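Going by full-length UniProt numbering, 320 is the number at position 320 of the sequence shown; the sequence numbering is gapless.
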Amino acid sequence: MEKRKINKKLHTFIKGEVEEYQNRDIIDESQHAQIMDIYEVSGENNFVKIVVTIGAVLVGLGFMSFIASNWEQLSKPVKFSVVMVAFLVSMYASYRLEDEYPKISVSMLYISSLIFGSGIFLNGQTFNYGGHFSSAFLLWGIGIIPMAAFFSDRILFVFSQILVIVYLGGRFEFWNMAYPIIILIPAYYYLNRYIENSKIGTFFTNLLLVNFIIYMADRYNAEGVYTTLLIFAAGAAMYYIPIALNKNIFRVEGIIFMGISGIMLTYKDMWADLSYVSRPNTVAVIFGILLIAWFLWLASRPHVSAVVFICIIIFRYYFDTFYDFMPKSLFFMVGGLVLLGFGYYIENMRKRGEADGE
């Protein structure tokens with residue numbers, strides 16, 4: 001049975017509780033061992049993983065540099081063959097070493113992904129494929145999705161999403177639609193189950209979704225205020241729609257998107273673009289009041305991220321209102337005291353959350 005990975009602090013707490021149960025004769029020594037065998041401290045081999053990951057990146061970059069420096073001297077069939085052989089050998093090595101040497105297997109997997117990406121760019125130059133450079137990032141991102149799913153690798157899964165986000169960023173200047181994103185977003189949500197429902201994978205999929213919303217708004221020449229409102233609505237949907245997959249990630253990220261877009265909507269310049277808004281300053285102030293009230297309600301639940309955004313909003317109004325009027329020493333002193341107060345409050349919230357087991 002696969003062990004549950006928990007942080008060291010929680011592992012120490014569980015160990016102390018189980019020992020207390022044994023001391024009270026609720027469980028015996030064998031049951032104590034069985035319970036503790038369920039858990040494993042996550043990150044205890046992080047140093048080894050970091051070393052082999054850096055090594056994999058260096059090997060991959062070295063291969064790319066070597067091939068690129070000798071690229072012109074090779075014939076087209078040799079160029080294609082070199083990349084394919086290197087990719088297949090590294091993939092096979094990763095597969096064969098997975099059980100006995102898992103860390104080395106992962107490093108070979110990362111080398112494979114780098115070789116695959118370099119092969120796309122190098123062979124694109126060799127065979128004079130047209131198109132924008134961003135298309136290569138799309139092919140790279142799509143190509144490593146099966147690798148990430150088969151080996152259940154979170155880093156590769158997130159790397160694929162980052163590549164697709166880079167692709168999407170390069171499509172803003174083009175008239176043609178980025179159709180692959182429509183398929184990739186639900187595909188990422190679905191495939192995340194093969195990556196052990198990765199929280200960071202969910203985070204980046206949500207980030208890709210919001211980037212796609214911005215892209216679509218830009219494509220249809222939407223006003224900045226409408227784009228910002230769409231992001232705010234997307235954040236609200238992430239927070240309020242009951243989603244089983246990494247619910248806490250959806251909620252926290254929803255608060256982040258609502259917070260960032262909400263702060264932007266507290267500026268009158270955002271509303272001034274709308275011809276039917278005669279008093280943009282009034283609308284911005286009303287929105288700011290409602291936003292603070294909503295974040296105060298969230299903070300009572302409690303959500304630390306909501307308190308952070310309350311602090312940011314207060315500082316936004318504090319800076320705009322008093323910076324030009326107050327003596328600078330007093331301005332920074334008061335600002336520092338406000339920050340210290342929020343820091344104290346957030347620390348108390350964190351401690352209460354730990355005491356409640358959150």
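Ideal placement from N, C-alpha and C gives every residue a C-beta, glycine not left out. Just so we're clear, the structure is a prediction, and the values are computed from it rather than from any experiment.
Tell me, to the nearest whole angstrom, how far the beta carbon of residue i is from that of residue j; I am working on the premise that it is less than 8 angstroms.
i, j, result
"W271", "V283", "5 angstroms"
"residue 359", "M91", "The structure shown does not extend to residue 359, since the chain spans only 1 to 358, so no value can be given for it."
"I289", "A299", "In fact, because the Cβ distance is near 16 angstroms, the residues do not count as touching under 8 angstroms."
"V252", "S305", "6 angstroms"
"Y318", "G335", "7 angstroms"
"V164", "L114", "17 angstroms between Cβ atoms; not a contact."
"S118", "G141", "Going by Cβ atoms, the distance from S118 to G141 rounds to 14 angstroms, so no, they are not a contact pair."
"I162", "L139", "Incorrect: roughly 14 angstroms between the Cβ atoms, too far for contact."
"residue 360", "F232", "Limits of the chain in this structure are 1 at one end and 358 at the other, which puts residue 360 out of reach."
"F157", "S94", "Not really, about 15 angstroms apart at Cβ, beyond 8 angstroms."
"F257", "A234", "6 angstroms"
"I195", "R154", "6 angstroms"
"F212", "I181", "5 angstroms"
"Y179", "F137", "Their Cβ separation, rounded to whole angstroms, is 16 angstroms, which puts Y179 and F137 out of contact at 8 angstroms."
"residue 380", "Y240", "Since the first residue shown for the chain is 1 and the last is 358, residue 380 is missing from the structure and cannot be characterised."
"Y110", "V57", "7 angstroms"
"L191", "I145", "7 angstroms"
"F87", "F116", "6 angstroms"
May I ask which residues mark the beginning and end of the alpha helix (DSSP H) holding residue i?
i, result
"T205", "K199 to R219"
"D273", "From DSSP, D273 is part of no alpha helix (DSSP H); its letter is neither H nor E."
"M91", "K76 to L97"
"P180", "P180 to L191"
"Q73", "Here Q73 belongs to no alpha helix (DSSP H), and DSSP marks it neither H nor E."
"R316", "V304 to F322"
"Y167", "R154 to G169"
"A222", "Counting along the chain, A222 falls outside any alpha helix (DSSP H), and DSSP gives it neither H nor E."
"S300", "It is not in any alpha helix (DSSP H) - S300 carries neither H nor E in the DSSP assignment."
"F133", "First-last for F133: undefined, no H or E at that position."
"F151", "I145 to F151"
**Request:** Output the residue ranges of the beta strand (DSSP E) runs that lie fully inside the region 228-288 and measure 3 residues or longer, sorted by chain position.
**Result:** none
**Asked** At a cut of 8 angstroms, does the region 165-172 reach the region 117-124 through at least three beta carbon pairs?
**Response** no
**Prompt:** So, do the region 239-250 and the region 216-228 have three or more beta carbon pairs nearer to each other than 8 angstroms?
**Reply:** no
**Asked** Are three or more beta carbon pairs between the region 227-241 and the region 250-269 nearer than 8 angstroms?
**Response** yes
**Prompt:** Quick one: any contact between the region 25-39 and the region 75-93, if contact means 3 or more CB pairs under 8 angstroms?
**Reply:** no
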